[in-house]
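Novice: Chain order of the listed sequences is A and B. Residues 24 to 285 (the working numbering) are what the first sequence spells out, left to right. Residues 11 to 292 (the working numbering) are what the second sequence spells out, left to right. Note that the Cβ used here is the ideal one computed from N, Cα and C, for glycine as well. Here's a structure for you.
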Amino acid sequence: MLQIETLHISFHKKLKISEAVRDISFSMGVGEILGLVGESGSGKTMTALAIAGLLRRRDITTSGRILFDGVDLLTVSRDVLRTYQGNKIGIIFQEPMTSLNPLMRVGRQVEESLRIHHGALSAAERRQRALKAMAAAELPEPAALFAKYPHELSGGMRQRVMIAAAIITRPALLIADEPTTALDVTIQAQILKLLQKLNREMGVGILFISHDLSVVRRLCHRVIVMEKGRIAEEGGVDEIFNAPRAEYTKRLIASIPQRRRI
Amino acid sequence: MSAWTERIFCFMKKSNNYNLIGGAVICGLMLLLILIGQFYTPHDPNAIDGMNKLAAPSPAHLLGTDNLGRDIFSRVLVSLGTTFSIALCTVCIGAAAGVLIGGLTGYFGGPLDEILMRACDIVAAFPSILLALVFISLIGPGKYNVIITLGILFIPSFARITRSAFAGCKNQDYIKSARLMGAGGARLMLVHILPNTIPTLASAIAIGFNNAVLAEASMSYLGIGVQPPDASLGRMLSEAQSYLFKNPWYALSAGIPIVLLILGFSLLGDGLQRRGGSDASN
């Protein structure tokens, strides 16, 4: 479904060039949960933003190919790219507190992708689908939430609203950029379960970006470890965690806090 | 007590925003006077009465009469309407064009931003009354020309405010996520960013309205604004200054409405700004 070939991303500020992602290649199958781990600055978010098409700016050069169902998202025209964004590719961000428009009702924001991509739907159909997506995201009483504003919701609920908005068009790929980092541990576990459920029931492929290895271990099928813009190691979850080959992966795993007797 | 009065009471208690309340009350009063002036005046505002020049306030002439024997109260009512409509049109032109320019420059940035903002700087760099004089001498005096002139003069301030609001809002996470839902430029600007700039714009409009009232009054005072026989507060002030010591009520009754109009709208603008600010911080 998703195939990335020698993706290279660099910024240039005046004459200084800094490379964020250096010639990485990987692929992702339909309905797969792929973990992208690495410390901050390793280029994992940049990779995700490139796939989502948010890196089209003058001060960023990209090379390589990002093939989504055979279409190169890096070179396709903006208008075509837009038909993928929000429609076939959904995204959820790290910070649920700022990712919702404070002046727009929750239901309206969940519907937004439908308004953009499925203009033919009537208001009632849109509402119907929004309520269904909110129910799928396990939001309690979607009908009551529909007319509320984001400030009336807790962080966990806002993240669920983001998820509902991302899955309403039934995308093939959901990019989750550290979706649990800003949440407390119990909510984290719930959101992870929810993502797993969506993956199972809707068959949505999830590109899960995190620096938290324990979370990745619980959720993902396959893991890519990134270090300084390169792929350090790639493999199945069990492989990576039980028999890490790269030195960097070993150090990352060793740094997972463990319960120890003192 | 009805639900509405209860709500208003509750709001007053909670907000402590006396600027907003005071501004709303004064503006409401002035609007009422303006509305009355459109349909009813005690006397014909332009009827000259040679027997009754510069009369003191009396039951027949509430604010007395001017140097031609015209009823000052009627003239104040009518000219309030004139001033108000000129200020309103001016602000509409300035805000519409300013929001358009500011929105585009704030959203897109780059060379377009530089060019349009420097153009705005050039307009803003001239003393406004001087620029107004130049415009008026080019297109001639009169009500509509004053509106056009002031409208153009007001564009830069609105453009700047909108630009900074758009530029600030553009980088918010929720705009990013809307963009990633596939929203195009026009949709992002109109549906997602513009509503978030309205608190800022509302106070800018209230302040702009004040400046428009002042500008119209000063242009009419200088004789390049509203032309006789139309009544205008600025023109009345300039006529009244010859009789300042003999008939002070003439100058006062022309000046106080201007003060009240400006006070009302600046309090309102201040209150809105404070309210918008507190909303944004929540």
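1. Can you grab the Cα-Cα spacing for the pair residue 290 of chain B / residue 41 of chain B, in whole Å?
2. Taking a Cβ distance cut-off of 9 Å, strictly less, list which residues of the region 178 to 193 of chain B are near chain A, in chain order.
3. Just to confirm before moving on: does the CB-CB distance between residue 57 of chain A and residue 67 of chain A stay below 8 Å?
4. Let me know the alpha helix (DSSP H) ranges lying completely inside the region 193 to 278 of chain A, each 4 residues or longer, listed in chain order.
5. For residue 63 of chain A, count neighbouring C-beta atoms within 10 Å of its own C-beta (all shown protein chains included) and say buried if the count is 16 or more, exposed if not.
6. Would residue 218 of chain A and residue 25 of chain A qualify as a contact pair, given that the criterion is a beta-carbon distance under 8 Å?
7. CA-CA distance, residue 261 of chain B and residue 66 of chain B?
8. According to DSSP, which residues form a beta bridge with residue 88 of chain A?
9. Does the distance from the CB of residue 123 of chain A to the CB of residue 173 of chain A come in under 8 Å?
10. Name the chain A residues that come within less than 7 Å of residue 205 of chain B, Cβ to Cβ?
11. Taking 8 Å as the threshold (beta carbon to beta carbon), is residue 197 of chain B in contact with chain A?
12. Terminal residues of the continuous beta strand (DSSP E) containing residue 42 of chain A?
13. Helix, strand or coil: how does DSSP classify residue 129 of chain A here?
14. State the Cα-Cα distance for the pair residue 31 of chain A and residue 88 of chain A, rounded to the nearest angstrom.
15. Spell out the partners DSSP gives residue 108 of chain A in its beta bridges.
16. Using only the alpha-carbon positions, how far apart do residue 198 of chain B and residue 179 of chain A sit?
17. Could you tell me whether any Cβ in chain B is nearer than 8 Å to the Cβ of residue 287 of chain A?
18. Can you give me the Cβ contacts of residue 292 of chain B inside the same chain, cut-off strictly under 6 Å, excluding the 5 residues immediately before and after it?
19. If I follow the unbroken alpha helix (DSSP H) through residue 31 of chain B, where does it start and stop?
20. For the beta strand (DSSP E) containing residue 59 of chain A, list its first residue and its last residue.
21. Quick one: which unbroken alpha helix (DSSP H) runs of 4-plus residues sit fully inside the region 179 to 242 of chain B? Chain order, please.
22. Using a cut-off of 8 Å between C-beta atoms, extract the partners of residue 77 of chain A located in chain B.
23. Taking the beta carbon of residue 238 of chain B as the centre, do at least 16 other beta carbons fall within 10 Å, making it buried, or is it exposed?
24. Please return the same chain residues whose Cβ sits closer than 6 Å to the Cβ of residue 187 of chain A, not counting the five positions on each side in sequence.
25. Out of curiosity, what's the CA-to-CA distance linking residue 284 of chain B and residue 222 of chain B?
26. With a threshold of 8 Å between beta-carbons, can residue 201 of chain A be considered close to chain B, or not?
27. Checking 8 Å against the spacing of the C-beta atoms, do residue 212 of chain B and residue 282 of chain B come in under that value?
28. Output needed for residue 72 of chain B: all residues of its chain with C-beta closer than 6 Å, excluding positions within five of it in sequence on either side, in chain order.
29. Report yes or no: do three or more beta-carbon pairs, one from the region 160 to 179 of chain B and one from the region 189 to 198 of chain B, lie closer than 8 Å?
30. Between which two residues does the alpha helix (DSSP H) holding residue 109 of chain B run?
31. One question on the structure: do residue 29 of chain B and residue 277 of chain B come within less than 8 Å of each other, judged by their Cβ atoms?
32. Can you confirm whether residue 118 of chain A, when its beta carbon is compared against all beta carbons of chain B, has any partner nearer than 8 Å?
33. Taking Cβ-Cβ distances shorter than 7 Å, what residues in chain B pair up with residue 63 of chain A?
34. Among B/250, B/240, B/47, B/108, whose alpha-carbon lies nearest the alpha-carbon of residue 171 of chain B?
35. Under a three-way DSSP split, which group does residue 34 of chain A fall into?
36. Cβ of residue 109 of chain A less than 8 Å from any chain B Cβ?
Specialist: On the basis of the data shown:
1. Start at 1 with the first residue of the second sequence, and residue 290 of chain B comes out as number 280. Start at 1 with the first residue of the second sequence, and residue 41 of chain B comes out as number 31. Note on residue 290 of chain B: pLDDT 42, under 50, position unreliable in the model; no value is reported.
2. 182, 183, 184, 185, 186, 187, 188, 189, 190, 191, 192, 193
3. Taking the first sequence and counting its residues from 1, one reaches residue 57 of chain A at position 34. Taking the first sequence and counting its residues from 1, one reaches residue 67 of chain A at position 44. No, the Cβ-Cβ distance between residue 57 of chain A and residue 67 of chain A is not below 8 Å.
4. 208 to 225, 236 to 242, 260 to 265, 270 to 277
5. Locating residue 63 of chain A in the first sequence gives position 40, counting from the first residue. By the 10 Å Cβ count, residue 63 of chain A comes out exposed.
6. Counted from its first residue, the first sequence places residue 218 of chain A at position 195. Counted from its first residue, the first sequence places residue 25 of chain A at position 2. No. Outside cutoff.
7. Within the second sequence, residue 261 of chain B is the residue found at index 251, counting from 1. Within the second sequence, residue 66 of chain B is the residue found at index 56, counting from 1. Roughly 12 Å between the two C-alpha positions.
8. Residue 88 of chain A sits at position 65 when you count from the first residue of the first sequence. BP columns for residue 88 of chain A point to A/28.
9. As a working mapping, residue 123 of chain A is identified with position 100 in the first sequence. As a working mapping, residue 173 of chain A is identified with position 150 in the first sequence. For residue 123 of chain A and residue 173 of chain A, yes; Cβs fall inside 8 Å.
10. Translated into positions along the second sequence, residue 205 of chain B becomes position 195. Counting only Cβ-Cβ distances below 7 Å, residue 205 of chain B has contacts in chain A at 126, in chain order.
11. For the purposes of this step, residue 197 of chain B is taken as residue 187 along the second sequence, with counting starting at 1. The Cβ of residue 197 of chain B sits closer than 8 Å to at least one Cβ of chain A.
12. Indexing the first sequence from 1 puts residue 42 of chain A at position 19. Counting along the chain, the beta strand (DSSP E) containing residue 42 of chain A begins and ends at 39 to 51.
13. Here residue 129 of chain A is taken as the residue at index 106 of the first sequence, counted from 1. Reduced to three states, the DSSP call for residue 129 of chain A is helix.
14. What you label residue 31 of chain A is simply residue 8 of the first sequence in a count that begins at 1. What you label residue 88 of chain A is simply residue 65 of the first sequence in a count that begins at 1. Each residue's Cα considered, the two are about 9 Å apart.
15. The residue labelled residue 108 of chain A in the question sits at position 85 within the first sequence. According to DSSP, which records beta bridges pairwise, residue 108 of chain A is partnered with A/112.
16. As a position in the second sequence, residue 198 of chain B is number 188, starting the count at 1. As a position in the first sequence, residue 179 of chain A is number 156, starting the count at 1. Looking at the two C-alpha atoms, the distance is approximately 26 Å.
17. Nothing can be reported for residue 287 of chain A: it is not among the residues displayed for chain A, which extend from 24 to 285.
18. Residue 292 of chain B sits at position 282 when you count from the first residue of the second sequence. Because the pLDDT at residue 292 of chain B is just 35, under 50, the model does not fix this residue reliably, and the point stays unresolved.
19. One-based indexing of the second sequence puts residue 31 of chain B at position 21. Start and end: 28 to 49.
20. Indexing the first sequence from 1 puts residue 59 of chain A at position 36. Start and end: 56 to 60.
21. 183 to 190, 204 to 231
22. Locating residue 77 of chain A in the first sequence gives position 54, where the first residue counts as 1. Going along chain B in sequence order, the residues near residue 77 of chain A (Cβ under 8 Å) are 186, 189, 190.
23. Taking the first residue of the second sequence as position 1, residue 238 of chain B is located at position 228. Flag for residue 238 of chain B reads exposed.
24. Position 164 of the first sequence, counted from the start, is the residue given in the question as residue 187 of chain A. Closer than 6 Å at the Cβ level, and outside the excluded window around residue 187 of chain A, lie 133, 156, 157, 160.
25. As a first step, residue 284 of chain B is located in the second sequence; it is residue number 274 there, counting from the start. As a first step, residue 222 of chain B is located in the second sequence; it is residue number 212 there, counting from the start. The straight-line gap from Cα to Cα measures roughly 22 Å.
26. Along the first sequence, read from residue 1 onward, the residue named residue 201 of chain A stands at position 178. Not an interface residue.
27. Here residue 212 of chain B corresponds to residue number 202 of the second sequence, with the count starting at 1. Here residue 282 of chain B corresponds to residue number 272 of the second sequence, with the count starting at 1. Closer than 8 Å, so yes.
28. Taking the first residue of the second sequence as position 1, residue 72 of chain B is located at position 62. Excluding residues within five positions, the ones whose Cβ falls inside 6 Å are 83.
29. No: fewer than three Cβ pairs fall under 8 Å.
30. To locate residue 109 of chain B, count along the second sequence from 1; it is residue 99. First-last of the alpha helix (DSSP H) with residue 109 of chain B: 82 to 118.
31. On the second sequence, position 19 is the one that residue 29 of chain B refers to. On the second sequence, position 267 is the one that residue 277 of chain B refers to. Yes, they are a contact pair.
32. Along the first sequence, one-based indexing puts residue 118 of chain A at 95. It does; some Cβ of chain B falls within 8 Å.
33. As a working note, residue 63 of chain A is residue 40 in the first sequence. For residue 63 of chain A, there are no neighbours in chain B by C-beta distance under 7 Å, as the nearest C-beta there is about 17 Å away.
34. For this step, residue 171 of chain B is matched to residue 161 along the second sequence. Taking only the C-alpha atoms, the option nearest residue 171 of chain B is B/108.
35. Translated into positions along the first sequence, residue 34 of chain A becomes position 11. DSSP places residue 34 of chain A in strand when its eight states are reduced to three.
36. Translated into positions along the first sequence, residue 109 of chain A becomes position 86. For residue 109 of chain A, the answer is yes, since a Cβ of chain B falls inside 8 Å of its Cβ.
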